[in-house]
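Using this note's numbering, the first residue of the sequence shown is number 3, and each one after it goes up by one.
The structure appears right after this line, and notes come after that.
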Amino acid sequence: MSQRYVVIDLETTGNSPKKGDRIIQFAGVVIEGDKIVDEYSTFIHPGQDIPLFIEELTGIDNEMVKHAPQFEDVAPRIAEFLADACFVAHNVLFDLSFLQEELKRCGFEGFYGSTIDTVELSKIMKPTSDGYKLNQLAKEENLQHERPHRADSDAYVTALLFMELKKKMLRLPLITLKRLYKLSFSLKSEISDLLDECIAERLRQPEYHRPEIEIFRGLALRRVTNNRTYSEGSYPYPYDHKDKMSLMTQAYADLESRPAQLDMMDKVFDSFINKEPIMIEAGTGIGKSLGYLLPAVFFAREYQAKVVISTYTLQLQEQLIHKEVPKVKSMVPFEFRAVLLKGRANYLSLAKFELALRQKEDNYETALAKMQILVWLTETETGDKDELNLGSGGQLFWERLQSDRLMFSDIQEPWISYDFYERAKGVADKADIIVTNHSFLMADILSNEGIIPKSGYLVLDEAHQLERAAARSMGAKMDYISVKTLFNRIGTYEQKLMLYRIEKICRERKLDDGLNIKSIERSISDFHYEFEQFFYLLAAKADALTASTAPQRIPLEALGNGMSTLSIMAERLVELIGIICQGLDDRLVLLKKADGLGKNAMFFLNEVEALIRHMEKISRTIHEFFISPDSGSVYWLEYTRAAPHHGISISSQPAAAGRIVWETFFAGQKSVVMTSATLSVKNSFRYFMSELGISDSHIKKVVYPEAFDFSKSAKVIVSKDMPDIQIAAPEAFSKAAAQHIVQAARGARGRTMILFTSHELLRMTYQNVKDDGGLEEFTLLAQGVTGGGRARLLKNFRTLDKAVLFGTAGLWEGIDIPGEDLSCLVIVRLPFSPPDEPVAEAKYKLIEQHGKNAFSYYSLPEAILRFRQGFGRLIRTHKDKGVLLLLDRRIYTAKYGKEFVAAIPAVQWEEVGLYHLADTIKRWLD
Numbered sequence: 003m004s005q006r007y008v009v010i011d012l013e014t015t016g017n018s019p020k021k022g023d024r025i026i027q028f029a030g031v032v033i034e035g036d037k038i039v040d041e042y043s044t045f046i047h048p049g050q051d052i053p054l055f056i057e058e059l060t061g062i063d064n065e066m067v068k069h070a071p072q073f074e075d076v077a078p079r080i081a082e083f084l085a086d087a088c089f090v091a092h093n094v095l096f097d098l099s100f101l102q103e104e105l106k107r108c109g110f111e112g113f114y115g116s117t118i119d120t121v122e123l124s125k126i127m128k129p130t131s132d133g134y135k136l137n138q139l140a141k142e143e144n145l146q147h148e149r150p151h152r153a154d155s156d157a158y159v160t161a162l163l164f165m166e167l168k169k170k171m172l173r174l175p176l177i178t179l180k181r182l183y184k185l186s187f188s189l190k191s192e193i194s195d196l197l198d199e200c201i202a203e204r205l206r207q208p209e210y211h212r213p214e215i216e217i218f219r220g221l222a223l224r225r226v227t228n229n230r231t232y233s234e235g236s237y238p239y240p241y242d243h244k245d246k247m248s249l250m251t252q253a254y255a256d257l258e259s260r261p262a263q264l265d266m267m268d269k270v271f272d273s274f275i276n277k278e279p280i281m282i283e284a285g286t287g288i289g290k291s292l293g294y295l296l297p298a299v300f301f302a303r304e305y306q307a308k309v310v311i312s313t314y315t316l317q318l319q320e321q322l323i324h325k326e327v328p329k330v331k332s333m334v335p336f337e338f339r340a341v342l343l344k345g346r347a348n349y350l351s352l353a354k355f356e357l358a359l360r361q362k363e364d365n366y367e368t369a370l371a372k373m374q375i376l377v378w379l380t381e382t383e384t385g386d387k388d389e390l391n392l393g394s395g396g397q398l399f400w401e402r403l404q405s406d407r408l409m410f411s412d413i414q415e416p417w418i419s420y421d422f423y424e425r426a427k428g429v430a431d432k433a434d435i436i437v438t439n440h441s442f443l444m445a446d447i448l449s450n451e452g453i454i455p456k457s458g459y460l461v462l463d464e465a466h467q468l469e470r471a472a473a474r475s476m477g478a479k480m481d482y483i484s485v486k487t488l489f490n491r492i493g494t495y496e497q498k499l500m501l502y503r504i505e506k507i508c509r510e511r512k513l514d515d516g517l518n519i520k521s522i523e524r525s526i527s528d529f530h531y532e533f534e535q536f537f538y539l540l541a542a543k544a545d546a547l548t549a550s551t552a553p554q555r556i557p558l559e560a561l562g563n564g565m566s567t568l569s570i571m572a573e574r575l576v577e578l579i580g581i582i583c584q585g586l587d588d589r590l591v592l593l594k595k596a597d598g599l600g601k602n603a604m605f606f607l608n609e610v611e612a613l614i615r616h617m618e619k620i621s622r623t624i625h626e627f628f629i630s631p632d633s634g635s636v637y638w639l640e641y642t643r644a645a646p647h648h649g650i651s652i653s654s655q656p657a658a659a660g661r662i663v664w665e666t667f668f669a670g671q672k673s674v675v676m677t678s679a680t681l682s683v684k685n686s687f688r689y690f691m692s693e694l695g696i697s698d699s700h701i702k703k704v705v706y707p708e709a710f711d712f713s714k715s716a717k718v719i720v721s722k723d724m725p726d727i728q729i730a731a732p733e734a735f736s737k738a739a740a741q742h743i744v745q746a747a748r749g750a751r752g753r754t755m756i757l758f759t760s761h762e763l764l765r766m767t768y769q770n771v772k773d774d775g776g777l778e779e780f781t782l783l784a785q786g787v788t789g790g791g792r793a794r795l796l797k798n799f800r801t802l803d804k805a806v807l808f809g810t811a812g813l814w815e816g817i818d819i820p821g822e823d824l825s826c827l828v829i830v831r832l833p834f835s836p837p838d839e840p841v842a843e844a845k846y847k848l849i850e851q852h853g854k855n856a857f858s859y860y861s862l863p864e865a866i867l868r869f870r871q872g873f874g875r876l877i878r879t880h881k882d883k884g885v886l887l888l889l890d891r892r893i894y895t896a897k898y899g900k901e902f903v904a905a906i907p908a909v910q911w912e913e914v915g916l917y918h919l920a921d922t923i924k925r926w927l928d
């Protein structure tokens, strides 16, 4: 007999039956023989009123359950329904535990069979999914989900999802299924039973061959094929605009003529031909990506040259390669190679993963990550981590797997032809177009990798972000937690961690050679104690300099005479790290010469060597920050009173990073195209050029204004009732901002993004919005608060109904949310950098040393550009309609306010009071 699966979903009055919450709807679907054979659904009278937010979430009100049976009446039917079944649910712990409590309350034994959580199963079988909410998974699988948050609809869709996941499981190579089975006993639900069933079913059938899969060293991998040949022949660039339009209509059915875009293409192509740099500001709606991509492709093909295109975010990079490049391929009369290139750490080392699979110390997160990667390897051709949706524990596990140079070539050798990073480099070497990001570009410039040509053709998209990316790449960062975690991995001999294992390997091979383990142990113990004291002192000095409970950035120079004590302590820390690294290095030198080391030992010793290199980097950072700082760099610590010494991190950046990379790299390129929607302030490129240290005033500059009629698509509302941000206490300002956000989100029916300039104000305002209760039926997503990275937050914002997104710096620009998904944008305050922010303060000093006014030369232009970037999130296509709500009244009261007004396109402006806000926004959007 086939296994009987019962898929359950409940709607309840709350989350805790022990606190009196009750079931208001039960639904179950029975699956046998991979078919739905039975369904049962009923409303249940909870014996209490249904809370308003549950009513709004589920659509179930008191009237609907008025004549429904109580749970006691249906308990026998439910108990019978569950008999001899495997209990399946989406987040099984909630449904099962709630049902258990209710069954026991009514005198039944409850359910004690096996369970399967379709959230857990989806993470394994769909490792690249954007998220694991039922709604998202249903959309991805094209499953009809008519009434989300209703038990009958949710149970039915979960049943369909379960069957789809099982089908996918049955299509996996048998060797993958067997590996998954061995790992599945570390999971929280009995997915091992399902795997066992699938393996048995596969063994009953003749083994079938999937041509796209190959098996190598016990791993099933996606076969990579690149057999295409590229036709020869010259295809001159079409200067005639009609010819370009003719090409483009092949990819765009409803293409509108954009003269500015066509002109931009010519300017870009000419800059390549004439080997000269150019700056292009291309306003919203111009079609900037195609504006540089089409001429780059023609130039690369006609002149057999490689063009590198660098963007700021991974999202823009993915959009170019997966959306824009395919469109260009459908336009041009020839084939070309365009590849995506990222940093080495983004790629999986198959050699390391093979060995990691042999390690048996699997906790839940590691086992889950291994299972996700096993399934992913049957799908991926790139080995790029960004394809995967790993949890936080999985991310930590990835650090052990990411590509790097291995100490023992024996580990890597069998995998050389399969290595994802080497393959990416090889493909890039033959490519016409390389798409990368500013971070990788900077890392390549600063390293000896030399993948990016030192004298070639370069397009910098989002070029205004280049200085920031350069500063981040050229700076350093160290925090208490990561250093302690790193040194804890070494452990003492008694703890039987890394030090014990390396010592054991040496003794087994009689390779101690007089090495004294006690010396290393003493140094490790001393380091832990003195590092703790070091950070205690840092915390005490920082605490004396701040009155706020929010995270603070404090320049190291502000610590005053405390720096001399810290310098002495830092010298001791550097000395101790040197002793530890030398002791471990001495053992590695001996072991490198040893015969008969197994692969597992080699893998472990490779981790030891990576740890030593990491400790040496920490030593250099401590030395630079506290003993021998660079006069051209800025040093600061980030401190939070809520987590005193263990919450501290210290960072550095060059004060003029852009100038350094321009002079050392970009100035030597044959051609550099710098483009963005925001390069100029008051029709001048002065600010952008000064940030990059570009002194050549003869560089060609072009501005293409926005292509949309913003007066019909956008409206700016300035609040009448917000307090003056320069006078009001932060708590009062945040509370008033929260009231306005509630009204704005209700008027826009969600679809609202709020931009902040500080995490402190974001957290405070988010909490005030939650406490207000006016948005209980809305999904509130907050950067740094509700979990998930930037990309995940944006995906959820787009897919969830009635979503409100709170964001900081990372969301002011570089995101594309067209259509109704974003209808209301709230800017809480004008985006000036705080004057005491260490990097900004250092730039002010540099500017003033040259006899210039820092506010007018740096602070104001920077804020105006960010304001333009924020506004640019609102209208992305000519069909969009939206409203910008500004909560900072300085735009009307300050002298410089009119410069912000003039910086954005001509739109309708209106002052509105709090209690008319929702209606005003609703009318405009409708």
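All C-beta atoms, glycine included, are put in the ideal place defined by N, C-alpha and C.
This structure is a prediction, so every number in the text was calculated from the model and none was measured.
With 16 or more other Cβ atoms from the protein chains shown falling within 10 Å of its own Cβ, Phe-667 counts as buried. Excluding residues up to 5 positions away in sequence, Lys-246, Gly-293, Leu-296 and Pro-297 lie with their Cβ nearer than 7 Å to the Cβ of Met-267 in the same chain. Residues of the same chain with a CB within less than 6 Å of the CB of Val-327, apart from the 5 flanking positions on each side, are Ala-340 in chain order. Runs of the beta strand (DSSP E) lying entirely within the region 160 to 234, each at least 3 residues long, are 215 to 218 and 221 to 224 in chain order.
Listed as beta-bridge partners of Lys-479 by DSSP are Ser-653. Between Asp-723 and the set His-918, Ile-650, Pro-707 and Leu-681, the nearest pair of CA atoms involves His-918.
Val-76 and Thr-44 do touch by the CB rule: their CB atoms are close to 6 Å apart, below 8 Å. A straight-line Cα-Cα distance of about 13 Å links Lys-479 and Arg-555.
In the DSSP annotation of this structure, the continuous segment of the beta strand (DSSP E) that includes Gln-27 starts and ends at 25 to 34. By the neighbour-count criterion, in which a residue is buried when 16 or more other Cβ atoms sit within 10 angstroms of its Cβ, Ile-46 is buried. Looking at Met-171, Leu-189, Ile-215 and Phe-218, the one whose alpha-carbon comes closest to that of Ile-201 is Met-171. When the Cα atoms are used, Val-377 and Phe-187 turn out to be separated by approximately 17 Å. Contact between Ile-413 and Ala-465 is absent: CB atoms are separated by about 41 Å, not below the 8 Å threshold.
Taken in chain order, the unbroken stretches of alpha helix (DSSP H) that lie wholly in the region 465 to 552 and span 4 residues or more are 468 to 476, 482 to 492, 500 to 510 and 519 to 546. Contact between the region 389 to 399 and the region 359 to 370 is present: three or more C-beta pairs spanning the two stretches fall below 8 Å. Membership of Arg-6 in the beta strand (DSSP E) is indicated by the continuous run 6 to 14. Comparing alpha-carbon positions, the option among Ile-126, Asn-348 and Phe-338 lying closest to Trp-400 turns out to be Asn-348. Distance from the Cα of Asp-921 is smallest, within the candidate group Gln-252, His-742, Asp-86 and Glu-523, for His-742.
Classified as buried, His-440 has 16 or more neighbouring CB atoms from the shown chains inside 10 Å of its CB.
In the same chain as Ile-311, and ignoring 5 residues on each side of it, the C-beta atoms closer than 6 Å to its own belong to Val-437 and Val-461, in chain order. Excluding sequence positions up to five before and after Ile-877, its CB lies within less than 7 Å of the CB of Thr-286, Phe-710, Phe-712, Ser-715, Ala-716 and Gly-884, all in the same chain and listed in chain order.
For the set Val-270, Thr-227 and Thr-895, the Cα lying nearest the Cα of Glu-383 is the one of Thr-227.
Remark: fewer than three beta-carbon pairs, one from each stretch, lie closer than 8 Å, so the region 443 to 459 and the region 617 to 627 are not flagged as touching.
Inter-segment contact for the region 48 to 58 and the region 129 to 145 is absent: fewer than three beta-carbon pairs are separated by less than 8 Å. Pairing Ile-483 with His-648 gives a Cβ-Cβ distance under 8 Å.
Listed as beta-bridge partners of Ser-678 by DSSP are Glu-283. Under the DSSP assignment, Trp-638 falls in the beta strand (DSSP E) whose first and last residues are 635 to 641.
Judged by their CB atoms, Phe-218 and Tyr-423 are not nearer to each other than the 8 Å cut-off. Annotated three-state conformation of Gln-414 is helix, per DSSP. Excluding its 5 nearest sequence neighbours in each direction, Asp-23 has C-beta neighbours in its own chain below 7 Å: Thr-14, Thr-15, Gly-16 and Asn-17, listed in chain order.
In this chain, Thr-368 is not harboured by any beta strand (DSSP E); it is covered by the alpha helix (DSSP H) spanning 366 to 378.
Annotated as proximal: Ile-453 and Ala-430, with beta-carbon spacing under 8 Å.
The three-state secondary structure of Ala-730, taken from DSSP, is coil. The residue from His-243, Leu-257, Tyr-538 and Gly-115 with its alpha-carbon nearest to that of Asp-195 is Gly-115. Beta-bridge partners of Phe-45 (DSSP): Gln-27. Below 8 Å, too few C-beta pairs join the region 489 to 508 and the region 635 to 643 to call them touching: fewer than three.
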